[in-house]
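*Asks:*
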Amino acid sequence: MKIAFERSGGFAGLRLAAEIVLESLTEEDAGRLRQLVGDSAFFDLPAQILAKVRRPDRFTYRLTVAEDGHTHTVEADEEAVPEALAPLIDWLTEAAMQT
């Protein structure tokens, strides 16, 4: 599994990005990440999850997950992130900040 993550926008408009390859992670981290993807039902999410009202200085997240020949991309506004997707975004944000 490979995950491309990007967070853009926010007050300063800074971009944060990372590409995560599960094979490069510890067994524990890879298992946790796989669980977060599954718990979010990522491959069933729509391609865009937009807030009803877009506000300035908010983040936009773009995640692309590739696994077993399937690739799915989701772009979500900060205010519209589904509860099930939030833990995955949090994990990826932390990982991107450490790279």
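Everything in the sequence shown is counted per this note's numbering, starting at 1 for the first residue and increasing by one.
All C-beta atoms, glycine included, are put in the ideal place defined by N, C-alpha and C.
Fair warning: this is a prediction, and the values are worked out from it, not measured in the lab.
1) Since THR93 and LEU16 are thought to touch, with beta carbons under 8 Å apart, how far apart are those beta carbons, to the nearest angstrom?
2) When the Cα of MET97 is compared with those of ALA12, ARG7, LYS2 and ARG34, which residue comes out closest?
3) Beta-carbon separation of GLU79 and ARG58 under 8 Å?
4) In this structure, does DSSP put GLU83 in helix, strand or coil?
5) Answer with buried or exposed for PHE5, where buried requires no fewer than 16 other C-beta atoms within 10 angstroms of its C-beta.
*Replies:* On the basis of the supplied data:
1) Correct: roughly 7 Å between the Cβ atoms.
2) The shortest Cα separation from MET97 among ALA12, ARG7, LYS2 and ARG34 belongs to ARG7.
3) yes
4) coil
5) buried
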